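Only one structure is covered here, and it is reproduced in the block below.
Residue numbers (the working numbering): 372 to 552.
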């Protein structure tokens, strides 16, 4: 595994190269693009869209030319996860508030003292929640590819804030990245 943090590479077609420093992961023999390697014992990958509809997949990890024994992993149509601003998976969510958009500022939806450009979300504000695992896209996005259109989630998510249902204005893939909803 390369020295952390490793950065994924794209081929001439804009698709993630599915190996990083010679390491690879496959699901039912479909190679999964490696998104990052946050540490020497972790590979973050995109589950290939080719295994959609399956309830499980056989996963094999290859590191330094050495392949693991195959293991079975459960699959689901959705496995939502939110991003945190410090990339720890806990703490302040990577949630932006468009309340100051007319000023050319996108603020972090947090108490004003929580971060520079923070703006606590108020009733009626439009916020942007960065997530992953929201399932199939329409139109479909190929494994490892950045979206070229503006794909929306085939099944809109239910969102609650403090237990209160929120209106979802849109839900889809971010054009900048692979697997970022």
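Yeah, the Cβ is synthetic: ideal placement off N, Cα and C, and Gly gets one too.
Bear in mind that the values here come from a model prediction, so they are computed numbers and not experimental data.
Rounded to a whole number of angstroms, what is the C-alpha to C-alpha distance between residue 506 and residue 543?
-> Counting from 1 along the chain shown, the entry for residue 506 is found at position 135. Counting from 1 along the chain shown, the entry for residue 543 is found at position 172. Straight-line Cα distance between these residues: approximately 9 Å.
Residue 575 - containing beta strand (DSSP E), residue span | A query on residue 575 cannot be resolved here, the shown segment of the chain reaching from 372 to 552 and no further.
By a C-beta neighbour count over all protein chains shown, 10 Å radius and 16 as the cutoff for buried, is residue 480 buried or exposed?
-> Here residue 480 refers to the residue found at position 109 of the chain shown. Buried is the call here.
Test item: CB-CB of residue 520 and residue 530 under 8 Å = What you label residue 520 is simply residue 149 of the chain shown in a count that begins at 1. What you label residue 530 is simply residue 159 of the chain shown in a count that begins at 1. Cβ distance not < 8 Å, so residue 520 and residue 530 don't count as in contact.
Taking the DSSP output, what are the residues bridged to residue 394?
-> Position 23 of the chain shown, counted from the start, is the residue given in the question as residue 394. Looking at the DSSP assignment, residue 394 forms a beta bridge with 391.
Quick one: grab the DSSP three-state call for residue 474.
-> Along the chain shown, read from residue 1 onward, the residue named residue 474 stands at position 103. Residue 474: helix per DSSP, three-state reduction.
CB-CB under 6 Å to residue 466, same chain, minus the five flanking residues each way: which ones, in chain order?
-> For this step, residue 466 is matched to residue 95 along the chain shown. These residues qualify, in order along the chain: 480, 498 and 500.
Contact belief for residue 398 with residue 447 at Cβ below 8 Å, rounded distance in angstroms = Here residue 398 is taken as the residue at index 27 of the chain shown, counted from 1. Here residue 447 is taken as the residue at index 76 of the chain shown, counted from 1. About 13 Å; that fails the 8 Å criterion.
Starting from residue 413, follow the beta strand (DSSP E) in both directions and report where the run begins and ends.
-> Here residue 413 refers to the residue found at position 42 when the chain shown is read from its first residue. Counting along the chain, the beta strand (DSSP E) containing residue 413 begins and ends at 413 to 416.
Would you please state the rounded distance, in angstroms, between the beta carbons of residue 482 and residue 494? I believe it to be under 8 Å.
-> Translated into positions along the chain shown, residue 482 becomes position 111. Translated into positions along the chain shown, residue 494 becomes position 123. Not confirmed; about 16 Å, so no contact.
Are there 16 or more other CB atoms within 10 angstroms of the CB of residue 405, so buried, or fewer, so exposed?
-> For the purposes of this step, residue 405 is identified with residue 34 of the chain shown, where counting begins at 1. Its Cβ being crowded by 16 or more others within 10 Å, residue 405 is buried.
If you check the beta carbons only, do residue 385 and residue 516 fall under 8 Å apart?
-> Stepping through the chain shown from its first residue, residue 385 is reached at position 14. Stepping through the chain shown from its first residue, residue 516 is reached at position 145. Their beta carbons are under 8 Å apart, which means residue 385 touches residue 516 by this criterion.
Near residue 462, what residues of its chain come up, given a Cβ to Cβ distance below 6 Å and the 5 sequence neighbours on each side ignored?
-> Start at 1 with the first residue of the chain shown, and residue 462 comes out as number 91. The residues are 455.
Report the residue from 388, 438 and 439 whose alpha carbon sits nearest the alpha carbon of residue 416.
-> Numbered from its first residue, the chain shown carries residue 416 at position 45. Checking every option, the nearest Cα to that of residue 416 belongs to 388.
So residue 589 is in the beta strand (DSSP E); what residue range does that whole segment cover?
-> The structure shown has nothing for residue 589, since the chain only spans 372 to 552.
Work out the CA separation of residue 518 and residue 396 for me, nearest whole Å.
-> Locating residue 396 in the chain shown gives position 25, where the first residue counts as 1. Locating residue 518 in the chain shown gives position 147, where the first residue counts as 1. So the alpha carbons of these two residues sit roughly 22 Å apart.
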